[in-house]
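Per numbering that gives the first Met the number 0, residue 0 is the first one in the sequence shown, and the count goes up by one each step. Ideal placement from N, C-alpha and C gives every residue a C-beta, glycine not left out. For clarity, every value in this text was computed on a predicted model and none was experimentally measured. Beneath this line is the structure, given in structure tokens, with notes to follow.
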Amino acid sequence: MNVSKADFENFLKTPEAAELLKSYEIANPISQNYGTPAFVVNGKYQIVPSAINSPEALIEITKELSKQK
Numbered sequence: 000m001n002v003s004k005a006d007f008e009n010f011l012k013t014p015e016a017a018e019l020l021k022s023y024e025i026a027n028p029i030s031q032n033y034g035t036p037a038f039v040v041n042g043k044y045q046i047v048p049s050a051i052n053s054p055e056a057l058i059e060i061t062k063e064l065s066k067q068k
């Protein structure tokens, strides 16, 4: 990635980095149910990898779950 350790550490102190890390806090406990890869939609719904039989199926499932409230 061609980023120095100092640049990386400085980035971690920014509000942008804090926001990114906070977004992972929501998905992390959900993704631990099935391991990697895991697809989490809206921070609430996890797509079970065995339910996906094609890229198109992943797209459709993601679209449907993103409509849920």
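query = Name the DSSP bridge partner or partners of Ile46?
reply = Within the sequence shown, numbered from 1, the residue matching residue 46 stands at position 47. For Ile46, DSSP records a beta bridge to Phe38.
ask   = Apart from the five residues just before and just after Ile25, which ones in its own chain have a Cβ nearer than 6 Å to its Cβ?
value = Translated into the one-based positions of the sequence shown, residue 25 becomes position 26. So the list reads Gly42, once near-sequence residues are dropped.
query = Should Phe38 be labelled buried (16 or more other beta-carbon atoms within 10 Å of its own) or exposed?
reply = Taking the sequence shown and counting its residues from 1, the one referred to as residue 38 is at position 39. Phe38 comes out buried.
task = Identify the continuous alpha helix (DSSP H) that holds Ser53 and give its terminal residues.
result = Working through the sequence shown from its first residue, we reach residue 53 at position 54. Looking at the DSSP string, Ser53 is not in any alpha helix (DSSP H), and its letter there is neither H nor E.
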